[in-house]
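As they're listed, the protein sequences go chains R and P. This note's numbering applies: residue 44 is where the first sequence begins, and numbers increase by one. This note's numbering applies: residue 21 is where the second sequence begins, and numbers increase by one. Built from N, CA and C at the ideal position, the CB exists for glycine as well.
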Amino acid sequence: MKLIFEKGRHGRRGYVQAKSDVPEAKPLDKRYRRHKDPCLAFVSELDVVRHYSELSRLNYSVDTNFYPLGSCTMKYNPKFTERIASLDGFAQVHPLLPQISGGGMLAQGSLEVLYDTEKLLAEITGMSAFTMQPLAGAHGELTGVMLVAAYHKASGSRRKYVIVPDSSHGTNPASAAIAGYDVIVIRTAADGYMDLEEYKRRMDGNVAAVMLTCPDTLGLFNPRIKEIADIAHKAGALMYYDGANLNAMLGKCRPGDIGFDVVHINLHKTFATPHGGGGPGAGPVGVSGKLADFLPIPRVIRRTDGTFALDYHRHKSIGYIAPFYGNFGVVLKAYAYMLLLGREGLIGAAETAVLNANYCLARLKGHYELPYGRTCMHECVFSASRQAKNGVHAIDIAKYLIDRGYHPPTIYFPLIVKEALMIEPTETESKETLDGFLDTMVEIARLAEKDPASVTQAPLHMPVKRLDETKAAREPNLRWQP
Amino acid sequence: MNYIPHTKDDVGKMLETIGVSSIDSLFSDIPQALRPKSFNIPQGRSELEVTERLRRLSLKNAAHLINFVGAGFYDHFIPAAVDAIVNRPEFYTAYTPYQPECSQGWLQAIYEYQTVICELTGLDAANASLYDGGTAIYEAAMMAVRLTKRNKIIMDSGVNLIYRTMLYTYTSNLSVEFVEIPVVHGQSSREELFKHLDDKTAAVILQNPNFFGAVDDYTDIVERVHKHGALAVASVYPVSLGMLRSPGETGFDIAVGEGQSLGIPLSFGGPYLGFMAAKKELVRQMPGRIVGATVDKDGKRGFVLTLQTREQHIRREKATSNICSNEALCALRAAVFVSLLGTEGLKELAQRNFEKAEFAKCELSKIPGVEVKRSSPTFNEFTVLLPGHADEAVYSMIDKGFACGFPLGRFYKGMDRYLLVAVTEKRTREDIRGLVDSLEAVL
Numbered sequence: 044m045k046l047i048f049e050k051g052r053h054g055r056r057g058y059v060q061a062k063s064d065v066p067e068a069k070p071l072d073k074r075y076r077r078h079k080d081p082c083l084a085f086v087s088e089l090d091v092v093r094h095y096s097e098l099s100r101l102n103y104s105v106d107t108n109f110y111p112l113g114s115c116t117m118k119y120n121p122k123f124t125e126r127i128a129s130l131d132g133f134a135q136v137h138p139l140l141p142q143i144s145g146g147g148m149l150a151q152g153s154l155e156v157l158y159d160t161e162k163l164l165a166e167i168t169g170m171s172a173f174t175m176q177p178l179a180g181a182h183g184e185l186t187g188v189m190l191v192a193a194y195h196k197a198s199g200s201r202r203k204y205v206i207v208p209d210s211s212h213g214t215n216p217a218s219a220a221i222a223g224y225d226v227i228v229i230r231t232a233a234d235g236y237m238d239l240e241e242y243k244r245r246m247d248g249n250v251a252a253v254m255l256t257c258p259d260t261l262g263l264f265n266p267r268i269k270e271i272a273d274i275a276h277k278a279g280a281l282m283y284y285d286g287a288n289l290n291a292m293l294g295k296c297r298p299g300d301i302g303f304d305v306v307h308i309n310l311h312k313t314f315a316t317p318h319g320g321g322g323p324g325a326g327p328v329g330v331s332g333k334l335a336d337f338l339p340i341p342r343v344i345r346r347t348d349g350t351f352a353l354d355y356h357r358h359k360s361i362g363y364i365a366p367f368y369g370n371f372g373v374v375l376k377a378y379a380y381m382l383l384l385g386r387e388g389l390i391g392a393a394e395t396a397v398l399n400a401n402y403c404l405a406r407l408k409g410h411y412e413l414p415y416g417r418t419c420m421h422e423c424v425f426s427a428s429r430q431a432k433n434g435v436h437a438i439d440i441a442k443y444l445i446d447r448g449y450h451p452p453t454i455y456f457p458l459i460v461k462e463a464l465m466i467e468p469t470e471t472e473s474k475e476t477l478d479g480f481l482d483t484m485v486e487i488a489r490l491a492e493k494d495p496a497s498v499t500q501a502p503l504h505m506p507v508k509r510l511d512e513t514k515a516a517r518e519p520n521l522r523w524q525p
Numbered sequence: 021m022n023y024i025p026h027t028k029d030d031v032g033k034m035l036e037t038i039g040v041s042s043i044d045s046l047f048s049d050i051p052q053a054l055r056p057k058s059f060n061i062p063q064g065r066s067e068l069e070v071t072e073r074l075r076r077l078s079l080k081n082a083a084h085l086i087n088f089v090g091a092g093f094y095d096h097f098i099p100a101a102v103d104a105i106v107n108r109p110e111f112y113t114a115y116t117p118y119q120p121e122c123s124q125g126w127l128q129a130i131y132e133y134q135t136v137i138c139e140l141t142g143l144d145a146a147n148a149s150l151y152d153g154g155t156a157i158y159e160a161a162m163m164a165v166r167l168t169k170r171n172k173i174i175m176d177s178g179v180n181l182i183y184r185t186m187l188y189t190y191t192s193n194l195s196v197e198f199v200e201i202p203v204v205h206g207q208s209s210r211e212e213l214f215k216h217l218d219d220k221t222a223a224v225i226l227q228n229p230n231f232f233g234a235v236d237d238y239t240d241i242v243e244r245v246h247k248h249g250a251l252a253v254a255s256v257y258p259v260s261l262g263m264l265r266s267p268g269e270t271g272f273d274i275a276v277g278e279g280q281s282l283g284i285p286l287s288f289g290g291p292y293l294g295f296m297a298a299k300k301e302l303v304r305q306m307p308g309r310i311v312g313a314t315v316d317k318d319g320k321r322g323f324v325l326t327l328q329t330r331e332q333h334i335r336r337e338k339a340t341s342n343i344c345s346n347e348a349l350c351a352l353r354a355a356v357f358v359s360l361l362g363t364e365g366l367k368e369l370a371q372r373n374f375e376k377a378e379f380a381k382c383e384l385s386k387i388p389g390v391e392v393k394r395s396s397p398t399f400n401e402f403t404v405l406l407p408g409h410a411d412e413a414v415y416s417m418i419d420k421g422f423a424c425g426f427p428l429g430r431f432y433k434g435m436d437r438y439l440l441v442a443v444t445e446k447r448t449r450e451d452i453r454g455l456v457d458s459l460e461a462v463l
């Protein structure tokens, strides 16, 4: 398909400004002005609308395709939350309004949303306080690790390491490193859980925190999680909860009750805000009482008269991690979603997510290798190792699924499973949808035995066939040239 | 209400396939002792009830004020076609395009966005977006630290205070040394800057227009920065690039900024869009997703996420950044916005902002006791010295229906009488006249 720059005609316009209603101004001196015009598209509004409509149809999305992308919780994104976020009273508010009027009276509605969301998330996770500022999951991780650092610094303890299991998301070690820590990686034992003996050996007074997902990236709930937390606490280390997999836990178990000290939540996973093709998300961070003073400023507070305000006077705070109060539009959608579902709805979401994942597990375990075979939580991880012997790898299965109208599971993650296929169906998918997908997976397993070439050729019915990623990396072509 | 489609019958059949008698038994790995101590969440509501409640809350915000507040975040008009396109679910309910064959729409859109950012900034390569203008400056600073293997950053205090504060938070546990250069008569002090610039400097960070609205020509500074082997980083306001000299033309190595002005609503501070562009030799140190063009098996053009060996999912603790998801949908807004406007439209938009601000400057300076600062040229924002406390003027103006500007005393000691006023294309002659008349009345 042509690029937008390759369409249109010189002189064509998609938007024209109102006629000027002020006198002509003396132009800026030449030294301040650009010499070369930017070379942009020359298109009409209809050209633009058609171009992007056509592009949109080349994407798989939750609204058009089953999207069991493990670890990403691609559940249905309710439409009503989009409408609420676009209300003028929310969308048109300048973030500095509460700061110019002395106390936030110009943005009481938005401050109440932030305040209430904080309270709801604190109750859901069992934490004392939350900040809505982090702008994405990984940004929440970084914020969380900075809170850990501030806590240890304040108690005069100099610690060097953060522990992560080898099954962790790449963002965990990356966030720890960026916050200034060295990373200790603990391997996964044969039972699928972090190797407890190695963990005990590596734990000492130099460890600042342990970063875990729970359920872990294999979709398993570690029954010894409390013991892991106790060991960390005994050594003075903090427990960090990566909320990527919180969907399975709603109303079933709270990180705070386990003993986690810092939690980040991906609102775009558990709380149904759309993923937007790779953002915007939001990664609120919750903490136990002993870390609350370190949270970023400003904090949203409720005054005794019931009004809301921004509090900047927290001398222990780590400071600003976002320009304002977080991705407010995203937080608002998550808030609306929580209000709609309520207690029973949230518990139901966790239960059905786990039911759906176990249904996938049960139907596929005879056809694919299940490296850690037991009841899973919100997702299940298979290996295509059996199929790989016939030359059908996880990536081939993924491409074949695309040809059949399914977004593939996450592949080759977690790194500890060879040929990993990580399936997270989410609670909003019906049995018919799951059956259609699972039948296709069974069919692929059969084809891998009888006719591997029919799988490895895929995709054949998409706008492009397999793309040359090596060429893309070796000869980077990152922009259109006029 | 929830969005669960299962009937009782479905659940029964599924449990049978799994081989358990109840959903509860699927949670048996969670020890009883770890079951929630409480779960006090209100009962669910209908869509109508939640919508009404939030609509009423939205009315408690003063969104109706005629807005002259900018300070880095601007009230621009967003053509309806932008909303129509980003509201297509094939865009907003997709995720990061990990599987290129079923994500060509997103990948091409990002490739086009990268092109737009390169054209605006006059640089060679852009990434698929960062969180916001502040984190973009931080990422640029860290890029410079990695590239030069030096750790001293010189930052102009004309860089938005919010971003400078963020940068300090992010680097508080790292060995990065900062030097702040004062702004004198609205512009970066060359004398101070050159005094601190040396062979230990990793980067010099400047903003154009700066926080006070002043437009500068940084050519002299950039030349000196390069002589010391350091990198020059510009934070820029994209709408102004329809008129102002681009960072590339000035010689900057990296340009970053807040992309909110390109079709993204103010939305109480987010979601926004951090953008980044750089000279091509720096691309392998760039953070975040990058889309590249390639070909498929049949030689047909297609797009993929590329240069992924920089990223956290491959390099883990050795990655250039921890960024994963970014602000793709906001980047799409920017791309659509700029496509609608085109070259002429963007120039026209910049011109309109400039001339309206010039008109407002002229009118405001007619108020007795009010002085418009004119030591530097400006784009669409400028500082005004009031006879009294700016906070009080701002407060009184709210009753008149105006958010008349940002009182600089909030951010800068000794500037209690200064007001920062932004004028976008949305403000009519009547709005500006109203601002002037009301201000005159309250002073």
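Beta-ladder partner(s) of residue i, from DSSP
i, result
"F425(R)", "L464(R)"
"D354(R)", "R342(R)"
"R65(P)", "In DSSP, R65(P) forms no bridge with anything."
"Y284(R)", "L255(R), V306(R)"
"V31(P)", "According to DSSP, V31(P) bridges with nothing at all."
"N102(R)", "S123(P)"
"S255(P)", "Q227(P), V276(P)"
"P427(P)", "L439(P)"
"I86(P)", "F422(P)"
"L405(P)", "E391(P), Y438(P)"
"G329(R)", "F173(R), V306(R)"
"I201(P)", "D176(P)"
Separation of residue j from residue i, as counted between CA atoms
i, j, result
"A134(R)", "A128(R)", "6 angstroms"
"M296(P)", "T513(R)", "24 angstroms"
"E212(P)", "T168(P)", "22 angstroms"
"L71(R)", "A370(P)", "12 angstroms"
"Q305(P)", "M34(P)", "49 angstroms"
"M435(P)", "H205(P)", "13 angstroms"
"K220(P)", "V199(P)", "12 angstroms"
"L375(R)", "T313(R)", "14 angstroms"
"K420(P)", "S96(R)", "43 angstroms"
"T350(R)", "M292(R)", "33 angstroms"
"Y23(P)", "S200(R)", "47 angstroms"
"N249(R)", "K162(R)", "33 angstroms"
"L404(R)", "A156(P)", "42 angstroms"
"S19(P)", "C257(R)", "Nothing about residue 19(P) can be reported from this structure: the residues present for chain P run from 21 to 463 only."
Heavy atom of the ligand ADP within 8 angstroms of residue i beta-carbon
i, result
"P414(R)", "In the structure shown, the ligand ADP is absent, as is every other ligand, since no ligand is present at all."
Beta-carbon separation (whole angstroms), residue i vs residue j, contact threshold 8 angstroms
i, j, result
"V311(P)", "G322(P)", "No, V311(P) and G322(P) are not in contact; Cβ-Cβ is about 11 angstroms, not under 8 angstroms."
"P177(R)", "H307(R)", "7 angstroms"
"N193(P)", "A192(R)", "5 angstroms"
Chain B contact for residue i (CB, 9 angstroms cutoff)
i, result
"V250(R)", "The chain labelled as chain B is not found among the protein chains of the depicted structure, namely R and P."
Quiz item: Closer than 9 angstroms, Cβ to any Cβ of chain R: which residues of the segment 123–138 of chain P, in chain order?
Solution: S123, Q124, G125, W126, L127, Q128, A129, I130, Y131, E132, Q134, T135, V136, I137, C138
Exercise. Return the residues of the segment 357–370 of chain R that lie within a Cβ-Cβ distance of less than 8 angstroms from chain P, sorted by chain order.
Key: I361, G362, Y363, I364, A365, P366, F367, Y368, G369, N370
Practice problem: With a floor of 3 residues, list each beta strand (DSSP E) that falls wholly inside the segment 273–327 of chain P, ordered by position along the chain. | Solution: 274–278, 294–298, 311–315, 321–325
Quiz prompt | Complete runs of the beta strand (DSSP E) confined to the segment 191–261 of chain R [at least 3 residues] | solution = 204–208, 225–229, 250–256
Quiz item: In the segment 133–144 of chain R, which residues sit with their C-beta less than 8 angstroms from some C-beta in chain P, listed in chain order?
Solution: F133, A134, Q135, V136, H137, P138, L139, L140, Q142, I143, S144
Quiz item: What residues in the segment 205–227 of chain P bring their beta carbon closer than 8 angstroms to a beta carbon of chain R?
Solution: none
Self-check item: Selection of the segment 371–405 of chain P by Cβ proximity to chain R, strictly under 7 angstroms
Solution: R372, F374, E375, K376, E378, F379, P397
Practice problem: Enumerate, from N- to C-terminal direction, the unbroken beta strand (DSSP E) stretches of 3 or more residues contained entirely within the segment 384–455 of chain R. | Solution: 423–426
Exercise. Give, in chain order, every unbroken run of the alpha helix (DSSP H) that is at least 4 residues long and sits entirely within the segment 104–176 of chain R.
Key: 122–128, 131–134, 140–143, 151–168
Quiz prompt | Where the segment 292–325 of chain R meets chain P: residues whose CB sits under 9 angstroms from a CB there | solution = M292, L293, G294, K295, C296, R297, G299, D300, I301, N309, H311, A315, P317, H318, G319, G320, G321, G322, P323, G324, A325
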